[in-house]
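Heads up, the thing below is written out as structure tokens.
In UniProt numbering, the protein residues as written are 1 to 179.
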């Protein structure tokens with residue numbers, strides 16, 4: 001038996017969990033990895049009979065907007081989760097906390113105060129801020145959603161994008177900030 005798992009998470013993050021599941025359940029797992037948006041787009045193009053079995057991770061706001069793609073499931077161990085992090089949506093089972101963070105290179109920061117997204121828009125930081133592509137990475141999408149959710153203004157997202165440099169992959173953001 002092969003279980004097909006869609007996931008935007010890096011392989012090194014989820015593979016230990018999947019390896020343990022393979023051992024416990026005596027099943028092989030095939031992972032289809034990409035951003036939440038790309039995976040959902042692919043899913044919608046596949047015949048229902050060809051679709052995978054599990055969507056592991058992803059942007060909650062994106063997945064719950066497509067309830068027709070998922071079936072209700074309640075994890076028997078859900079009651080052991082902290083109340084604040086337990087999902088009440090039967091289509092979603094929480095299993096990991098993934099914070100969205102801003103990474104600052106203090107060597108380059110100087111006297112510039114950076115405490116949130118608005119601070120990243122200071123003129124001194126023009127073209128010195130990087131983010132991952134929101135159309136192809138879950139991290140980039142989450143950051144753009146966070147910026148939008150502050151004022152509910154699309155122009156805020158566009159302003160940030162015009163002020164910063166977009167990189168194709170999330171892993172490149174950390175490398176770029178470190179240099």
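Every residue, glycine too, gets a C-beta built ideally from N, C-alpha and C.
Original post:
Where residue 160 and residue 65 are concerned, what is the direct C-alpha to C-alpha distance, given to the nearest angstrom?
Top reply: By one-based count along the chain shown, residue 160 stands at place 160. By one-based count along the chain shown, residue 65 stands at place 65. So the alpha carbons of these two residues sit roughly 25 Å apart.
**OP:** Identify, in the order they occur along the chain, each residue of the same chain with its Cβ nearer than 7 Å to the Cβ of residue 52, setting aside the five sequence neighbours on each side.
**Re:** Reading the chain shown from its first residue, position 52 is the one you call residue 52. Counting only Cβ-Cβ distances below 7 Å, and skipping sequence neighbours, we find 4, 5, 6 and 32.
**OP:** Below 6 Å CB to CB, which residues in the same chain sit around residue 104 once its five sequence neighbours on both sides are set aside?
**Re:** Counting from one through the chain shown, the residue named residue 104 turns up at place 104. Within the same chain, residue 104 has close Cβ partners 114.
**OP:** Give a yes or no on contact between the region 121 to 131 and the region 37 to 50, applying the rule of three or more CB pairs nearer than 8 Å.
**Re:** Cβ pair count under 8 Å is below three, so no.
Original post:
Can you give the Cα-Cα distance for residue 38 and residue 154, rounded to whole angstroms?
Top reply: Within the chain shown, the letter at position 38 stands for residue 38. Within the chain shown, the letter at position 154 stands for residue 154. Rounded to whole angstroms, residue 38 to residue 154 spans 21 Å at the Cα level.
Original post:
What are the boundary residues of the alpha helix (DSSP H) that residue 33 is part of?
Top reply: Here residue 33 is taken as the residue at index 33 of the chain shown, counted from 1. That residue, residue 33, is in no alpha helix (DSSP H); its beta strand (DSSP E) goes 28 to 33.
Original post:
Just how far apart, CA to CA, sit residue 68 and residue 124?
Top reply: What you label residue 68 is simply residue 68 of the chain shown in a count that begins at 1. What you label residue 124 is simply residue 124 of the chain shown in a count that begins at 1. If you draw a straight line from the Cα of residue 68 to the Cα of residue 124, it is about 46 Å long.
Original post:
From the DSSP output, which residues share a beta bridge with residue 166?
Top reply: Your numbering for residue 166 matches position 166 in the chain shown. Note: residue 166 sits in a beta bridge opposite 131.
Original post:
So what's residue 117 in DSSP terms, helix, strand or just coil?
Top reply: Within the chain shown, the letter at position 117 stands for residue 117. Reduced to three states, the DSSP call for residue 117 is coil.
Subject >> Reduced DSSP category for residue 79 - H, G, I as helix; E, B as strand; rest coil >> reply: Within the chain shown, the letter at position 79 stands for residue 79. The three-state secondary structure of residue 79, taken from DSSP, is helix.
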